[in-house]
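Going by the numbering used here, the first residue of the sequence shown is number 7, and it counts up by one from there.
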Amino acid sequence: MAIGVLTGGGVRISSTPIVGDNKGTGSKKGLPEKMLEIDSAFQEFKKRDLEKGSKSVKMSIAIEQVKNVISLLNESDKASMKCFVYSSLMSGIKGQEILIDIAIHCLTFVDFVDFDFKGLYFDVLNLIFQRGELELGQVGIFEKASMRHGNSYVNAKKKLAVKYQFLLNYALRYSLDKLARKSVDFYKRDFIALNIGIAYFKIPEFRERFMNAIMKEKLVKIPEWKNFHWNLEDGQEDSSKTIDHFFNWQEYFYDQIPESEQKKKNLSILAVVANMK
């Protein structure tokens, strides 16, 4: 998720390009074959969740499709991160949208699907939340790139950003809600731990409240943080500034999302999170 690189001249924006020589095929122009397969498999098991009765996709077929998605999400065209290579900027945005749509669907239905699907859906979620396509360097909106690629590209990026904002806030609310319960099913634990960790970096408002909660409880000794050059006694403001040097989601992501009804809904979800104990 890092896009900041510390150089002699300070922190510089850096992101691994995901656009290359992959020409792609199929109706969704420019998408890698593996992404086309992921989308095709998703459409199949999605039908089972949305349809009922004799028209529903058979369980065995749907399970195989979910497993196929899991297998493909474990693959990558790059060594530095799990990410496919796309033939154009717009096809890259389409690939990101497919991943976000799958994650929203799985998170929405995971508590209602048959038990055989629950663990698989969380596997899908864990993999998508760690995909390189959804790192800040790929979903962020940067001034130089915006000027170079024009309005259609910028508008597509902003449309994607508000959808990803919804997913991040929705997933955080889900995780905290489950965490607040006395017991958490084993197949949810990994996702909750992963998602809260990701939210710490990707949702600045959550990071601030998280640090305040720790300071309130005076948990001043956390072994996992012993190698950081800041500590809890410095306060959350200093730690947030350190993180923002390398993970500035506020400036390059949230501040770039235009006002809309969907953005208001996204912020209302975050407001619910803020009131969780």
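For every residue, glycine included, the Cβ atom is placed at its ideal position computed from N, Cα and C.
Excluding the five sequence neighbours on either side, which residues of its own chain have a C-beta within less than 7 Å of the C-beta of residue i, listed in chain order?
i, result
"Leu-105", "Ile-134, Arg-137, Glu-139 and Leu-140"
"Leu-178", "Asn-201, Ala-205, Ile-209, Phe-212 and Val-279"
"Leu-78", "Lys-40, Glu-43 and Ile-44"
"Asp-107", "none"
"Lys-152", "The sequence shown places Ser at residue 152, rather than the Lys named in the question. Answer for Ser-152: Val-160, listed in chain order."
"Leu-113", "Leu-131, Tyr-176, Ala-177 and Tyr-180"
"Ser-266", "Val-168"
"Glu-284", "Because the chain spans 7 through 283 in this model, residue 284 falls outside it and cannot be assessed."
In terms of residue numbering, what span does the alpha helix (DSSP H) encompassing residue i cover?
i, result
"Gln-136", "Segment: none, Gln-136 is in no alpha helix (DSSP H) and carries neither H nor E."
"Gln-256", "255-258"
"Asp-261", "Note, Asp-261: premise wrong, no alpha helix (DSSP H); not H, not E."
"Val-278", "267-280"
"Asn-74", "65-79"
"Glu-315", "In the structure as shown, the chain begins at 7 and stops at 283. Residue 315 is therefore absent and cannot be evaluated."
"Cys-112", "95-115"
So the candidates are the options; which of them puts its Cα closest to the Cα of residue i?
i, options, result
"Asp-45", "Asp-120, Val-130 and Gln-256", "Val-130"
"Ala-109", "Asn-201, Ile-67, Asn-157 and Met-217", "Asn-201"
"Tyr-174", "Ser-93, Leu-126, Phe-207 and Ala-219", "The question names Tyr, but residue 174 is Leu in the sequence shown. The shortest Cα separation from Leu-174 among Ser-93, Leu-126, Phe-207 and Ala-219 belongs to Phe-207."
"Glu-103", "Ser-82, Asn-132 and Ala-162", "Ala-162"
"Gln-144", "Ser-97, Leu-126 and Ser-181", "Ser-97"
"Asn-272", "Met-282, Tyr-176 and Tyr-180", "Tyr-176"
"Tyr-258", "Ser-181, Lys-73 and Leu-142", "Leu-142"
"Leu-276", "Asn-80, Leu-182, His-155 and Ile-220", "Leu-182"
"Ser-66", "Gln-262, Tyr-260 and Asp-122", "Asp-122"
"Ala-4", "Tyr-159, Tyr-260 and Glu-70", "Here the chain comprises residues numbered 7 to 283, so residue 4 is not present and cannot be evaluated."
"Asn-281", "Glu-70, Arg-215 and Glu-267", "Arg-215"
"Lys-269", "Gly-203, Gln-256 and Lys-169", "Lys-169"
"Glu-57", "Phe-115, Ala-85 and Ala-186", "Phe-115"
"Tyr-92", "Asn-218, Lys-150 and Pro-38", "Pro-38"
"Asp-120", "Lys-64, Lys-84 and Asp-83", "Lys-64"
Quick one: residues in its chain with C-beta nearer than 6 Å to the C-beta of residue i, no 5 flanking neighbours on either side, listed in chain order?
i, result
"Thr-31", "For Thr-31, the predicted structure reports a pLDDT of 39, less than 50, and the residue's modelled location is therefore unreliable. A value from the coordinates is still provided. Answer for Thr-31: no residue qualifies."
"Val-72", "Phe-51 and Leu-126"
"Asn-6", "This structure cannot speak to residue 6, because the chain is shown only from 7 to 283."
"Phe-172", "Asn-272"
"Tyr-84", "Residue identity check: residue 84 is Lys in the sequence provided, not Tyr. Same-chain partners within the cutoff: there are none."
Only counting the same chain, and skipping five residues up and downstream in sequence, which positions put a Cβ closer than 8 Å to that of residue i?
i, result
"Lys-184", "Val-190, Lys-194 and Ile-198"
"His-111", "Phe-48, Lys-52 and Asp-55"
"Gly-125", "Tyr-193"
"Asp-196", "Phe-128 and Asn-132"
"Lys-164", "Ile-147, Gln-262, Ile-263 and Pro-264"
"Ser-62", "Lys-53 and Arg-54"
"Gly-15", "With a pLDDT of 47 at Gly-15, under the threshold of 50, the modelled position of this residue cannot be trusted, and the question is left open."
"Ser-33", "The predicted model places Ser-33 with a pLDDT of 41, which falls under 50 and marks its position as unreliable; any figure quoted below should be read in that light. Same-chain partners within the cutoff: there are none."
"Ala-149", "In the sequence as presented, Ala is not what sits at residue 149; that position holds Glu. If we look at Glu-149 and ignore the five residues flanking it on each side, it has no Cβ neighbours."
Within 10 angstroms of its Cβ, does residue i collect 16 or more other Cβ (buried), or is it exposed?
i, result
"Gln-100", "Per the sequence shown, residue 100 should be read as Lys rather than Gln. Answer is buried; the Cβ neighbour count reaches 16."
"Asn-28", "The predicted model places Asn-28 with a pLDDT of 49, which falls under 50 and marks its position as unreliable, so this point remains unresolved."
"Cys-89", "buried"
"Gly-36", "buried"
"Ala-68", "buried"
Within 7 Å of any Cβ in chain B, is that where the Cβ of residue i sits?
i, result
"Phe-259", "In summary, chain B is missing from the structure at hand, where a single protein chain is found."
Does the ligand ATP have even one heavy atom less than 6 Å from the beta-carbon of residue i?
i, result
"Met-282", "The model depicted lacks the ligand ATP and carries no ligand whatsoever."
Taking only runs of the alpha helix (DSSP H) that begin and end inside the region 131-213, which ones reach a length of at least 4 residues, in chain order? 142-145, 149-155, 157-185 and 192-208
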